[in-house]
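Chemist: Going by this note's numbering, the residue at position 127 of the sequence shown is 134; the numbering climbs one at a time, nothing skipped. Below you will find the structure I want to go over with you.
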Amino acid sequence: MDIRFMILPGAILAIYTILVLFKLAILRRNAAHSGRIEVQYFKLYTGFDVPDDLRLWERHYNNLLELPIVYYFAIFVAISLQLTNMLNISLAWIYLVLRLFHSIIHLNGNKVKYRFQIFALSAFTLLTLWFSILYGLFSGWK
Numbered sequence: 008m009d010i011r012f013m014i015l016p017g018a019i020l021a022i023y024t025i026l027v028l029f030k031l032a033i034l035r036r037n038a039a040h041s042g043r044i045e046v047q048y049f050k051l052y053t054g055f056d057v058p059d060d061l062r063l064w065e066r067h068y069n070n071l072l073e074l075p076i077v078y079y080f081a082i083f084v085a086i087s088l089q090l091t092n093m094l095n096i097s098l099a100w101i102y103l104v105l106r107l108f109h110s111i112i113h114l115n116g117n118k119v120k121y122r123f124q125i126f127a128l129s130a131f132t133l134l135t136l137w138f139s140i141l142y143g144l145f146s147g148w149k
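Next comes the structure, spelled out in structure tokens:
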């Protein structure tokens, strides 16, 4: 299959992560300029009361740098081993959609029960992608 279909979901998540970083930078700057947070907070990111909206976006950005790293590596390995079959491409897209749903829930009301369910489903999807890659690697199935 065309590797572009495997690269695209990873690229979308990477671009989204960078956009969240820009949003976080704006929120941090605004909070510091308005006096809602002390500038000293940004030295170690501890020791000060952080406004809830800023803490939410900080956690959201951190979430995008945790498990998705394993996703990006899975995409890289699948492409490198020429394992861009329909199953792996589908799993890559499903993971992306689930992470975007996770973001929507996290940033809009943050219903923990639903956010956790989506997170668990995305983690299971990623695990399935890795099992598929390993199966392809050791069985010769492409």
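Quick reminder that beta carbons are idealized off the backbone N, C-alpha and C, glycines included.
Ile14: which of Asp56, Ala81, Leu63 and Lys50 sits nearest, CA to CA?
Modeler: The shortest Cα separation from Ile14 among Asp56, Ala81, Leu63 and Lys50 belongs to Ala81.
Chemist: For Asp9, which residues from the same chain have a beta carbon less than 8 Å from its beta carbon, with the 5 sequence-adjacent residues on both sides left out?
Modeler: Same-chain partners within the cutoff: Thr91.
Chemist: Tell me the start and end of each unbroken alpha helix (DSSP H) in the stretch 62–94 that is at least 4 residues and wholly inside, in chain order.
Modeler: Complete alpha helix (DSSP H) runs here, min 4: 74–87.
Chemist: Mind reading off the beta-carbon distance from Ala85 to Ile140? Whole number of angstroms is fine, and I expect it under 8 Å.
Modeler: Ala85 to Ile140, Cβ: 5 Å. Contact.
Chemist: Which residues in the same chain as Ser167 place their Cβ atom closer than 8 Å to its Cβ, once the five residues preceding and following it in sequence are excluded?
Modeler: There is no way to answer for residue 167, as the model of the chain reaches only from 8 to 149.
Chemist: In whole angstroms, what separates the C-alpha of Thr53 from that of Lys30?
Modeler: Computed Cα separation, rounded: 20 Å.
Chemist: Given a cut-off of 7 Å, decide if Pro58 and Arg36 are closer than it, judged by their beta-carbon atoms.
Modeler: It is not a contact, given that the beta carbons lie outside the stated cut-off.
Chemist: For Leu28 and Leu134, what's the separation of their Cα atoms in angstroms?
Modeler: Their Cα atoms are separated by approximately 26 Å.
Chemist: Over the uninterrupted alpha helix (DSSP H) stretch that includes Arg122, give me the two end residues.
Modeler: That run of the alpha helix (DSSP H) goes Val119 to Ser146.
Chemist: So the candidates are Ile111, Leu88, Ser129 and Asn117; which of them puts its Cα closest to the Cα of Ser146?
Modeler: Among Ile111, Leu88, Ser129 and Asn117, the Cα nearest to that of Ser146 is on Leu88.
Chemist: Thinking just about the alpha-carbon of each residue, which of Phe123, Thr132 and Tyr68 is nearest to the one in Ile96?
Modeler: Of the candidates Phe123, Thr132 and Tyr68, the one whose C-alpha sits nearest the C-alpha of Ile96 is Thr132.
Chemist: Assuming Leu20 and Arg106 are in contact, meaning their beta carbons sit under 8 Å apart, how far apart are those beta carbons, in whole angstroms?
Modeler: So it is a contact: roughly 6 Å between Cβ atoms.
Chemist: Quick one: grab the DSSP three-state call for Val57.
Modeler: Three-state DSSP puts Val57 in coil, outside helix and strand.
Chemist: Of all the options Ala130, Trp148, Asn70 and Phe83, which has the alpha carbon lying nearest to the alpha carbon of Phe12?
Modeler: Residue Phe83 is the option with its Cα nearest to Phe12.
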